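See below for the structure under consideration.
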Amino acid sequence: MSTSNEVRLWPLRKSLRRNHDTEVQRAASAALGNLAVNTDNKLLIVKLGGLEPLIRQMLSPNVEVQCNAVGCVTNLATHDDNKTKIAKSGALVPLTRLARSKDMRVQRNATGALLNMTHSDENRQQLVNAGAIPVLVSLLNSPDTDVQYYCTTALSNIAVDGMFSILVISTNRKKLAQSEPKLVASLVALMDSSSLKVQCQAALALRNLASDEKYQLEIVKADGLTALLRLLQSTYLPLILSSAACVRNVSIHPQNESPIIDAGFLQPLINLLSFKDNEEVQCHAISTLRNLAASSEKNKTAIVKAGAVQSIKELVLEVPMNVQSEMTACVAVLALSDDLKSQLLELGICEVLIPLTNSPSSEVQGNSAAALGNLSSKDGKSATDDYSAFNDVWDKPEGGMHKYLYRFLTSPDTTFQHIAVWTIVQLLESGDPQLISSIRTSTLLIPNIRDLAVSRISTPSSSVGTPHSQHSRTHSEHDTETGDGQGEIQLLGRRILEFVDGDAEGLVPSSVAASHIQPGSSVASSTRDHEELRRSVREAFGPGSHR
147 MSTSNEVRLW
157 PLRKSLRRNH
167 DTEVQRAASA
177 ALGNLAVNTD
187 NKLLIVKLGG
197 LEPLIRQMLS
207 PNVEVQCNAV
217 GCVTNLATHD
227 DNKTKIAKSG
237 ALVPLTRLAR
247 SKDMRVQRNA
257 TGALLNMTHS
267 DENRQQLVNA
277 GAIPVLVSLL
287 NSPDTDVQYY
297 CTTALSNIAV
307 DGMFSILVIS
317 TNRKKLAQSE
327 PKLVASLVAL
337 MDSSSLKVQC
347 QAALALRNLA
357 SDEKYQLEIV
367 KADGLTALLR
377 LLQSTYLPLI
387 LSSAACVRNV
397 SIHPQNESPI
407 IDAGFLQPLI
417 NLLSFKDNEE
427 VQCHAISTLR
437 NLAASSEKNK
447 TAIVKAGAVQ
457 SIKELVLEVP
467 MNVQSEMTAC
477 VAVLALSDDL
487 KSQLLELGIC
497 EVLIPLTNSP
507 SSEVQGNSAA
517 ALGNLSSKDG
527 KSATDDYSAF
537 NDVWDKPEGG
547 MHKYLYRFLT
557 SPDTTFQHIA
567 VWTIVQLLES
577 GDPQLISSIR
587 TSTLLIPNIR
597 DLAVSRISTP
607 SSSVGTPHSQ
617 HSRTHSEHDT
627 ETGDGQGEIQ
637 LLGRRILEFV
647 DGDAEGLVPS
657 SVAASHIQPG
667 SSVASSTRDH
677 EELRRSVREA
687 FGPGSHR
């Protein structure tokens with residue numbers, strides 16, 4: 147920092163500290179505020195002890211002095227190195243008080259300063275302790291759009307869950323909930339503001355709040371879905387992104403699934419799957435659809451009927467890898483429905499899932515394989531079940547089901563091995579003669595199944611297919627491969643070999659009378675044991691929690 151700047155700043159500091167003339171104080175604080183626009187000066191003013199006199203000027207009864215002093219602090223607070231020093235200087239309490247000023251200029255400067263102080267984890271908590279939340283919430287109803295914007299953004303930052311500890315986040319949100327019951331309603335109203343930036347920040351604030359279950363429900367109760375649907379269909383990217391992120395979090399709560407669908411979100415969300423201008427929008431849209439499908443057969447059916455699977459099939463091979471992971475996870479959830487499996491197979495979804503089992507991403511591989519596994523499994527199989535779709539893709543595309551199963555059987559990852567042997571069991575249980583023949587005569591599959599059936603695997607599995615968003619498990623198998631998981635692979639492998647080496651025309655599904663395992667083997671010896679095994683693997687393929 148230059149000596150000339152220090153020479154210019156020192157007299158101004160003296161004027162603020164020692165001169166009690168209101169006009170001198172006003173001029174000095176105004177000049178200091180202008181100098182504080184410069185980055186070096188921001189640091190220098192604090193270094194030279196400028197905060198103490200500025201705080202005193204904020205306490206002045208003169209509105210002009212207040213306005214200039216607060217404006218200067220606002221500028222100083224834009225520098226990260228100053229934020230903690232300002233928070234510890236005692237400035238937050240007078241800033242909070244001046245945010246209620248009847249003078250709009252003072253109010254703007256004070257709320258702007260409070261906003262600048264919310265970009266630090268530690269300072270967010272200091273603001274909460276200084277009583278800033280009730281003030282910020284009350285000013286959401288200000289007639290001034292700048293004040294609305296500053297307060298909305300500050301509250302959004304206070305509710306954020308980035309680097310903040312779980313305890314502090316929870317404490318802050320509880321304070322928001324307890325002291326400001328009208329917070330959600332005010333933010334919902336601001337999504338209809340005449341200012342685009344206020345609309346955007348209101349949706350982002352609700353998104354951050356909706357990381358908590360309480361707010362997920364409150365947003366729906368406050369009729370937030372109406373405004374969110376309108377923003378979602380905007381042509382302005384920030385509005386689309388903020389509303390899509392908010393709806394994604396709101397959809398986490400199972401009680402919100404049907405209200406979101408009933409409000410008309412399905413088609414707009416499906417339309418956003420092809421929003422190639424922004425990968426994040428695509429991820430939010432498909433993740434929301436997956437959440438909506440999680441706990442209701444009715445909702446799964448509505449999502450498929452609306453054309454989600456057709457869109458996924460058309461797009462999934464071309465979208466970024468993160469979007470592929472979300473799309474394949476969504477298909478895995480939809481494929482859990484016995485009533486929809488045949489429809490998904492008729493749509494040709496296997497044709498895009500199979501190539502993705504060879505993706506560079508283990509998440510995409512795992513989710514795609516889980517989807518194929520879920521499609522191959524059906525409770526209470528009957529002779530009328532049509533498995534021709536699997537015959538159609540046995541050798542194509544890209545080596546088809548045959549090559550995919552081979553890759554997973556020979557993978558060092560026990561999760562992938564588990565998926566492969568379990569899927570082969572489902573295909574054998576189908577009773578389809580062509581499938582059974584293809585598996586029985588495969589020189590790629592059977593030798594590797596024999597190896598798995600007799601070996602004790604020691605390679606730990608990875609957590610496959612875990613999505614990037616907060617709030618869920620993957621919809622592919624993961625976190626199940628312990629020693630028990632290795633034993634299940636052995637059991638399934640031996641069950642396959644028992645059939646392949648025999649003369650039976652197909653494995654008997656475990657949901658009906660099954661053959662007993664030969665005594666003396668290390669695997670389960672009854673139908674009930676196999677049913678438990680089957681259930682454990684199905685749970686691994688299941689939807690888990692929302693995200």
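Counting in my numbering, the sequence shown runs from 147 upward without gaps.
Yeah, the Cβ is synthetic: ideal placement off N, Cα and C, and Gly gets one too.
Fair warning: this is a prediction, and the values are worked out from it, not measured in the lab.
Could you tell me which of A173, V216, K446, I201 sits nearest to G236, measuring between CA atoms?
I201
Where does K248 sit, in a helix, a strand or coil, going by DSSP?
coil
Between the C-alpha atoms of M204 and S442, what's the straight-line distance to the nearest angstrom?
57 Å
So, is Y382 buried or exposed, given that buried needs 16 or more other C-beta atoms within 10 angstroms?
exposed
Which residue from Q272, L435, L350, V192 puts its Cα closest to that of I407?
L435
Indicate whether D249 and C297 have their beta-carbon atoms separated by less than 8 Å.
no
So, are the CB atoms of I582 and L574 less than 8 Å apart?
yes
Considering only C-alpha positions, which residue in the set T299, R254, R353, S588 is nearest to P289?
R254
When the Cα atoms are used, what is the spatial distance from K422 to P466?
9 Å
Taking a contact to mean a Cβ-Cβ separation below 8 Å, would you say V427 touches Q470 in this structure?
no
Check whether the Cβ atoms of G519 and W568 lie closer than 8 Å to each other.
yes
Per-residue DSSP class, three states only, for H430
helix
In three-state DSSP terms, what is M263?
helix
Could you tell me the distance, in whole angstroms, from the CA atom of L415 to the CA atom of E403?
13 Å
Coarse secondary structure for L463, derived from DSSP in three states:
coil
T224 by DSSP, collapsed to three states: which one?
coil
For G666, is the classification buried or exposed, using 16 other Cβ atoms within 10 angstroms of its Cβ as the cut-off for buried?
Low per-residue confidence applies at G666: pLDDT is 30, beneath 50, and the placement is therefore not dependable enough to give any value.
Counting C-beta neighbours from all protein chains within 10 Å, is the total for N594 16 or more, i.e. buried, or is it exposed?
buried
If you drop the 5 nearest sequence neighbours on each side, which residues of the same chain put their C-beta closer than 6 Å to that of S588?
none
In whole angstroms, what separates the C-alpha of K343 from that of Y295?
7 Å
Sorry if obvious, but does the Cβ on N228 come closer than 7 Å to a heavy atom of the ligand ATP?
As presented, the structure is devoid of all ligands, the ligand ATP included, so that no description of it is given.
Taking V450 as the reference, which of A368, R641, C476 has the closest Cα?
C476
What does the alpha-carbon distance come out to for the pair P280 and L491?
55 Å
Measure the alpha-carbon distance for L438 versus L329 and round it to whole angstroms.
26 Å
What's the C-alpha gap between E497 and K360?
41 Å
Assuming A349 contacts S388 (C-beta within less than 8 Å), just tell me the rounded distance between them.
4 Å
D369, buried or exposed, once every other Cβ within 10 Å from all chains shown has been counted against 16
exposed
Check this for me: beta carbons of A517 and T560, under 8 Å apart or not?
no
Whose CA, out of N424, A452, K234, lies closest to the CA of Q413?
A452
Closest Cα partner of S302 within the set L352, T257, V274, P400
L352
Nearest to V216 by CA position, among T257, D226, L194, is which residue?
T257
Closest by CA to K188, which one among A223, P199, E634?
A223
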